[in-house]
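Take a look at the structure below.
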Amino acid sequence: MFSLDAPLQPAVEGFVDPENGESQHTTHLNNVVMQIHRNTSIQDLITLLGPQLTHVQDKRRSRATLLLAEVLTRLPELKLAADTTHLLLVFFVERLADTPSLGPCLKALSALLSFHAAAVPAADILLLLESLFSLPSPIPTLGQAMRKQCFQLMNIVLELNVVDTHGARVLMEGFLAAMDGEKDPRNLLLCLQLASALLTAFPSNVDADLIRLFFHVTSCYFPITFKPPPNDPYGITSAQLVAALRSVFIAHDSMAKHVVPMVLDKLSRTTVTDMTVDMLDTLAFCCTRYPLNRLLTQFTPVATTVYRSILHGDNQAVIAAATATLRAIAKAVSPPSSLPGMQALAWSKFVVHVVQTALRDMQDQAMDSMVSLRAATVLTGVAAQSAAGLTYVLESSLPFLLSRVSAAAAALPTSSCCSTSSQLEAALACLVGLLDCIDVDVDHVTPPVLPHVQPIQAALVQSFHFASAHVASSSRPQRLCLQGLAKLVLRPPSPLLQDDSVHSLVDLWTTVVLTHAAADVRAEATAALKATANKSAVLAHHVRERSLPPLMHVVASPEASPALGRSATDVLKDVLAVLAELSTEPSIFMALVLPLCQLGLGINPNQPLLQLHPQTKDIASAVANIVRLNQLNVACIDACVLPTTATTSVVQLLVDTVVHHVRQQLELNGHALLNHDDDAVTVTLVPPTAVILGVVMQHGSIQAQETLLQYVLSLFLTMEVSPLQPQATAVSLQLMPLLGAVLYSAGAALATIAPALPTLLPLLFELAQRPLLLPPHTAVATPLTASPPPHPATTCALKSIAALLNAMPDDALLHQYLSHVVTSTTSSSSDGGNLPPPVASVVVDAGYPLPRRLAALQVYLHATKAIVLRAHATTVPVVFTFLWSLLSSEELKLHVAHGFELVLDDWTDVLTAASHALISPVHRQRTFSLLFPLLTTKENMEKRVVTLLVVAHTPHAILLPHVLDIVPLVVDALNLKEPPYAALLGHPALVTFEMCFQHDPQLVYGYLNQLFPGLLWQSQHCHAVKDRLRALGCLASLAKIKYELIHPHKERVIKGLLAALDDRKRTVRQAAVKVRNQWSIL
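Take the sequence shown: its position 808, counted from the start at 1, is 808 in the UniProt record's numbering, and no numbers get skipped.
Next up, the structure:
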């Protein structure tokens, strides 16, 4: 037992005694260490250990030495005099000859040098090294642990940096003798790191013989093919060993003349992919770090080997590694250099050699041959690394490439075989690859490609026309030509082309977009125009001035192209898609949107009457798409509402046009009935206009939002065709999405219309409950799937109410409206006779028709969602209490239960963060805390349905304390097969079951008899594919619990899965097969 006051002598005897167990040894060691630390000197310990240190028994002698080593290791701050340190070190050095005590001596010496190095003279360290390297048993013959101790001791000596020239020689020669033949990865990693450190620490002490010896000892490990065993506790990886070996190779410049020839020789003799890749990577690593003068005799064989690996590589991994090596060395020998003369020689021996070799092979072979294609890779690899490389490659190979391009292009019209097209494609690919080497970041005083711009442009344009005229050829040569022309414009940091050249290219791309038959070629031209427009303001001006007029002309008068098989509609849609791509440049957006709207709406200064474009729907949709694509550009979005000139804004133009057509429709047809056919013009313009309004409200500036909100709201509150008017007709109601799109995202700008809210909200309440818009209902509750959908205007009104109540900033005003929605129990207030009856009173008043009550319930549910999301402190408990009470009503309970899904689900168009809604981060937790405690075992089915819906929408961390109460609810829901409830509860029940099972599988052990039938039923009858898959996943999870629990259910599950094997969806059938197999082999 450990004691602070234990006497030292028994503790020493107890530790040295080899008959004691490990726990006793540990206790005695702790007592000794504590005594030495408190008040006993190391000399007293040595005196007590005297007989043991000279004992005839090897184990006692070894343990006595180990005790000293442990004390020195565990007490790093132990104060030792210089003479004491010397005596200890000499003792341990001499004791190295005692093989049984070798391990403890190495440990003690490491502690002395680590913690008391200042008291150790250099002569003692030299004595230590000489003794270490002259052990009775040489280091390579020792065990792995002792060899590692020896290498760690050498590393400590090296880090002390106190050895002289002779000591450095002794250390390096002794280390190399000790490392020779090392195979254990645990020691090898340390040896390689130590070898690199030795070469780096003593560069002047390393002569040719030592370099040769270092290389001989370490090169035998190259290439390293170590693969660690699974779950290796030491964490040594092949990458660590490879990095350590490469560090040895580059630690001294003189290693170059040995390493590079060795790597080249092994590369010529290996066929293993992984080894070849490692050799190529090592070659790149070393050649980029050796001084150039050390490699002058090696550059030509290196270039030959790398080129051969690219040209004749067996697979893509080897080719990729060889290409990376080529790029790395080419960059290393490229100017500027600190050794200009050496650099010129290296450049000539490597870059010139490899480029000329590649060029000769291309001249001797067809352009589409494998040799030429890989030689082209060599050219682009060199050109991509430096301006000098690109200059040299262009000067040496461009005339040849242009001649091949011109010859192949000219031969296309007269050639009927595919080889000509293939050769043109290969030549163009090489040319485009060289253009892709232009540095986009460095703006050279004289760009390397500048002298060659005109011939390249001429060759590409000519080849494009030849390839376009050759109908039978592939479209890829044409796309390559367009890509090359685009790179001439886009790659250089400063313009290389004159304005007239840019104009000709823009005209060419525009012509291709409008007239070319191949869709992929048109897409390439579109991409070129888009990239050019976004490159700079000057280029955007060229595209705007030269491309937009012909494109807009086609939009104004689209014509079919029978020769190309494209109808006028197809041509128009393609052009609109191109305009949408170009609109991502702000100046083009500003110049495009309003004229495009005017074209679609038929606005012409020469015609007083509006005459819509025949394809107004496509044009309006394109405008909406353009606005959506630029939604992150606030200036562009604001321009839709706040025009920079005196002209009408896009929004006002669209809204006024829609309203004008509604007025015309009413004047022509009178007051239309609700079932009157929708106005085609309104149906065409309202959806895209609503999209634009929504984008402006979500992404525009506050000024734009306020302007739009005031404009639309004042229009809808005052115009005679407003859908808010009680006498609104079917045509007028089609305008409601416009108002809804603005009100859905009005949260940020709601203060600007605060005075109008007392007028607006009652109108919205009335519209949401308007009798003529209510769907017919029977006197009793019907299944929800049979209920007709609400009128679109009703849906807009409901969501608008929710958005306004959620964002209403004034609590007093909010309570005023909520008093009619929530707390009022009378049909009308004495001071608000002009307001509709409070919806809460309508819901509970059986005197109202059921359709009216259900409409009021929908208003109440939407208001509840708005209040719950903002987590209103006083109102949320009231609305939940009211809704919970309605779950006891026979007529309403099913509709209320289904309505809770509306309250809990997330919407995408309203009450979102993008629409500026107020959303509390804890609203789901609060909903759970308010509703879950209300549930008791005697509650009806609807209340249990609501509770499970709330549970499924609550974060799992909140549910964990209540899982014991939730599991029975989930099990009952899984077995619920009644149509109104089964469709409602399938998904939340499965989601909640997964959570409970993952938290604690034992929770479900008592419900297995009910679980398996329920999950099998869900795997067959769930409407959603994901839910059927989730049910099968739950069955697969249950197959992993204790076998004795699931054995009675095995046959039932296997038979029950037969139905899922016939599912109409393949993914479900595949999952059923896997689960059935899993159960079959239990």
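We put the beta carbon where it would ideally sit given N, CA and C, even for glycine.
The Cβ atoms of V351 and V382 lie closer than 8 Å to each other. Minimum Cα-Cα distance from P771 among the listed residues S714, A856, L738 corresponds to A856.
Residues L213, V217 of the same chain have their beta carbon placed closer than 6 Å to that of L176, with the five preceding and five following residues left out of the count. In the three-state reduction of the DSSP assignment, N205 falls in the helix class. The beta carbons of A251 and S196 sit closer together than 8 Å.
Here E942 is buried. Its C-beta has 16 or more other C-beta atoms within 10 Å. One thing to note: V302 has its Cβ no nearer than 8 Å to the Cβ of L280.
A Cβ-Cβ separation of about 11 Å leaves T689 out of contact with Q734 under the 8 Å criterion.
The Cβ atoms of E994 and C1034 lie closer than 8 Å to each other. Under the 8 Å Cβ criterion, the segment 266 to 275 counts as touching the segment 310 to 323, having at least three qualifying pairs.
Residue state for N940 is assigned as coil, using DSSP reduced to three classes.
Along the length of the segment 495 to 551, whole alpha helix (DSSP H) runs at least 4 residues long occupy 499 to 515, 519 to 535, 537 to 546, reported in chain order.
Under the three-state reduction of DSSP output, S561 falls in the strand class.
Judged by their CB atoms, I867 and V879 are nearer to each other than the 8 Å cut-off.
Beyond the five residues adjoining it in sequence on each side, M342 comes within less than 6 Å, by CB distance, of L292, N293 in the same chain, given in chain order.
Runs of the alpha helix (DSSP H) lying entirely within the segment 63 to 106, each at least 4 residues long, are 82 to 95 in chain order. Distances from the CA of R61 to each of T84, R95, S334 were compared; the closest alpha carbon is that of R95. Linking A871 to Y744 through their CA atoms gives a straight-line distance of about 19 Å. With contact defined as three or more Cβ pairs closer than 8 Å, the segment 1050 to 1063 and the segment 1007 to 1017 are in contact. Only residues of its own chain outside the window of five on either side were considered, and among them V513, T526 have a CB closer than 6 Å to the CB of V578, listed in chain order.
Nearest to N630 by alpha-carbon distance, out of Q457, I588, M719, F91, is I588. By the Cβ-count criterion, L976 is buried, with 16 or more other Cβ atoms from all chains shown falling within 10 Å of its own Cβ. Where Q483 is concerned, the enclosing alpha helix (DSSP H) starts and stops at 476 to 490. A check of alpha carbon separations from N940 across L804, K893, V543, L480 identifies K893 as the nearest.
For the options S268, V248, R269, the alpha carbon positioned closest to that of V259 is the one of V248.
Boundaries of the alpha helix (DSSP H) harbouring P51: 42 to 53, taken from the DSSP string. The segment 485 to 496 makes contact with the segment 450 to 465: 3 or more CB pairs, one atom from each, lie closer than 8 Å.
A Cβ-Cβ contact shorter than 8 Å links L189 with L241. Within the model, the alpha-carbon separation for V659 versus A741 is close to 16 Å.
In summary, V56 is exposed, with fewer than 16 beta-carbon neighbours lying within 10 Å of its beta-carbon over all protein chains present.
The residue from T648, R147, N604 with its alpha-carbon nearest to that of G181 is R147. Taking a contact to require three or more Cβ pairs closer than 8 Å, the segment 516 to 532 and the segment 548 to 555 do not qualify as touching.
The C-beta separation of C437 from L390 comes to about 5 Å, placing the pair in contact by the 8 Å criterion. Residue P261 holds the alpha-carbon nearest to the alpha-carbon of T300 among D278, K266, P261, L311. Assignment of alpha helix (DSSP H) within the segment 315 to 347, counting only whole runs of 4 or more residues, yields 316 to 332, 340 to 347 in chain order. A1060: member of the alpha helix (DSSP H) spanning 1058 to 1061, first to last residue.
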